[in-house]
Amino acid sequence: MGAAMRRIHTGNALSAFGLGFTVPYLYVYVAQVRGLGAMTAGLVLAVFAVAALVVLPFAGRAIVRRGPLPVLLAALVTAALGALSLGIASSAAAVLVSASLLGAGQAVMQPALATMIVDCSSAETRSRAFATQFFLQNLGLGVGGLIGGHLVDTSSAASFTLLFAIEAAMFLLLVVVMATVRMPHAPRIEGAPVASGRGSWKQLLGNRAMVQLCVLGFVLFFACYGQFESGLSAYGVEAAGISTSALGTALAANTLVIVVAQFAVLRFVERRRRSRVIAAVGLIWAVAWAVAGYAGLEHGSQEMATAAFVSTYALFGLGEAMLSPTVAPLVADLAPEGMAGQYNSAFALVKQLALAVGPAVGGPLGASLHAPYIVAFLLFSLGITFLAVRLGRQLTEAQDRPWLAKSRVVARGGAPVSADA
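The sequence shown stops at residue 423 when you use this note's numbering, and every number in between is there.
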């Protein structure tokens, strides 16, 4: 890795460490600590994601025209303000406004950082670059969640205020780190007319493979990531009697699997069809939801329920480790030259839409209708497998099996070229 890539990865780890202090406990904080109820907590988590839908359509154009770094710095400052205000908010209205700031800032970080990784890597190193990002990001998230779970006190709002302050400090520290990054080349398109943004969206919607990937991405984020901080944690607390410290342990187990397995999994998926890897993730997550269902059985002991709940997060971690070197590089390979920021923003928009719907559906459902919640998301996981197999029919050989395209170039006596070329 070059100096720029090292700073990008360091920044990801720092921001994830801050997020780990708060993300697993948002439901508990809003519903119990602030006494606003389960429905309000679900709405707050939905607004957290919906705010991103307002800014992401503009973020892609800004990244293409201005470059990812200025956009990233503005997003970090916005997220820091949102975190600080969320820690002191006591009314539903104040929590909603604070969550919208934090959600908007956090959402814009994703395509900006992804575009920076694309600009600082080649097609040959891109999968490992995204895998490393995911590895460090989840390491920071898991460590933060583990520490935060043992620091929070549901009887003390001040303990949560401290956690949100730490999160804001991490965002501001990331501003300092990222301000020193020197990009190897400018990703902006000089003199790009305003209409080019609309044209790029039309071009993107005409790409059938990208559209199918966005549909698949929606289900991925809705059925997994959209449930981590809402439905799954609500289900664990209400159905399985999981404590806040156990929630932190479950998140740590998720991270431990990623930390231990990420690069071993990377060696496996690098020589597999990307569509088949995503299909396998759907099957693994279906098993994870079945294990979560066992955790909520009333006749099981509390120790067994906790162990099953922790195992659910561990299985999700295995699937995430398989997705990290697969999905993000595929988005980059589908993007025309110079439009990686637009495509990353579009995919982030789909993710945030799933995160807006996921908590609103999963929070109340996981807290009250336990069996239907598990069955529904088990079926969504099986749907991931179906959609992934269908996507494979739309991908070119270079997009679905990039290693094969590279090896064939070498076998013909030519110099190795990227899959994009």
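Glycine included, C-beta positions come from ideal geometry on N, C-alpha and C.
Excluding the five sequence neighbours on either side, which residues of its own chain have a C-beta within less than 7 Å of the C-beta of residue i, listed in chain order?
i, result
"alanine 292", "Leu380"
"leucine 320", "Val259, Ala263, Ile286"
"valine 213", "Leu207"
"asparagine 209", "Leu336"
"valine 145", "Phe19, Gly22"
"serine 383", "Ala225, Gly284, Trp287, Ala288, Trp291"
"alanine 334", "Val120, Arg128, Ala342"
"proline 113", "Ala61, Gly62, Ile65, Gly343, Asn346, Ser347, Ala350"
"glutamine 34", "Thr156"
"leucine 86", "Phe166, Ala167, Ala170"
"leucine 98", "Val46, Val49"
"valine 271", "Val279, Met324, Pro327, Thr328"
Around the C-beta of residue i, are 16 or more other C-beta atoms found within 10 angstroms, so that it is buried, or is it exposed?
i, result
"glycine 147", "buried"
"proline 404", "buried"
"glycine 340", "exposed"
"glycine 142", "buried"
"proline 338", "exposed"
"leucine 104", "buried"
"valine 56", "exposed"
"glutamate 399", "exposed"
"histidine 152", "exposed"
"arginine 67", "buried"
"lysine 353", "buried"
"alanine 188", "Any reading at alanine 188 must be qualified, since the residue scores a pLDDT of 44, below 50, and its modelled position is unreliable; no value is offered."
"valine 329", "buried"
"proline 72", "exposed"
"arginine 184", "exposed"
"serine 93", "exposed"
"proline 361", "buried"
"methionine 118", "buried"
What span of residues does the alpha helix (DSSP H) with residue i cover, start to end?
i, result
"glutamine 112", "94 to 121"
"valine 32", "Careful: valine 32 lies outside any alpha helix (DSSP H) and carries neither H nor E."
"isoleucine 65", "39 to 68"
"cysteine 226", "It is not in any alpha helix (DSSP H) - cysteine 226 carries neither H nor E in the DSSP assignment."
"isoleucine 10", "5 to 22"
"arginine 278", "276 to 297"
"methionine 341", "Neither: methionine 341 is in no alpha helix (DSSP H) and is coded neither H nor E."
"valine 25", "Taken as a continuous stretch (DSSP letters only), valine 25 belongs to no alpha helix (DSSP H), as it is neither H nor E."
"glycine 238", "233 to 240"
"serine 313", "304 to 325"
Looking only at its own chain, which residues have a Cβ that is under 8 Å from the Cβ of residue i, when we skip the five neighbours before and after it?
i, result
"arginine 273", "Trp405"
"leucine 355", "Ala51, Leu55, Phe220"
"proline 374", "Leu367"
"leucine 16", "Gly142, Met172, Leu175, Leu176, Val179"
"threonine 163", "Gly89, Ile90"
"leucine 75", "Val177, Met180, Ala181"
"arginine 9", "Val179, Met180, Thr182, Val183"
Quick one: what does DSSP say residue i is sitting in, helix, strand or coil?
i, result
"isoleucine 386", "helix"
"valine 396", "It should be noted that the sequence gives glutamine, not valine, for residue 396. In this structure, glutamine 396 counts as coil in the three-state DSSP scheme."
"leucine 371", "coil"
"asparagine 256", "helix"
"alanine 91", "coil"
"asparagine 209", "coil"
"alanine 76", "helix"
"isoleucine 244", "coil"
"arginine 403", "coil"
"arginine 273", "coil"
"threonine 251", "helix"
Using a Cβ-Cβ cut-off of 6 Å (strictly less than) and excluding sequence neighbours within five positions of residue i, which residues of its own chain qualify?
i, result
"methionine 7", "Cys122"
"alanine 323", "Ile260, Ala263, Gln264, Val267"
"leucine 83", "Leu103"
"alanine 81", "Leu104, Gly107, Gln108, Phe173"
Where are the alpha helix (DSSP H) runs, 4 residues long or more, that stay fully inside the stretch 124 to 195, in chain order?
128 to 153, 159 to 180
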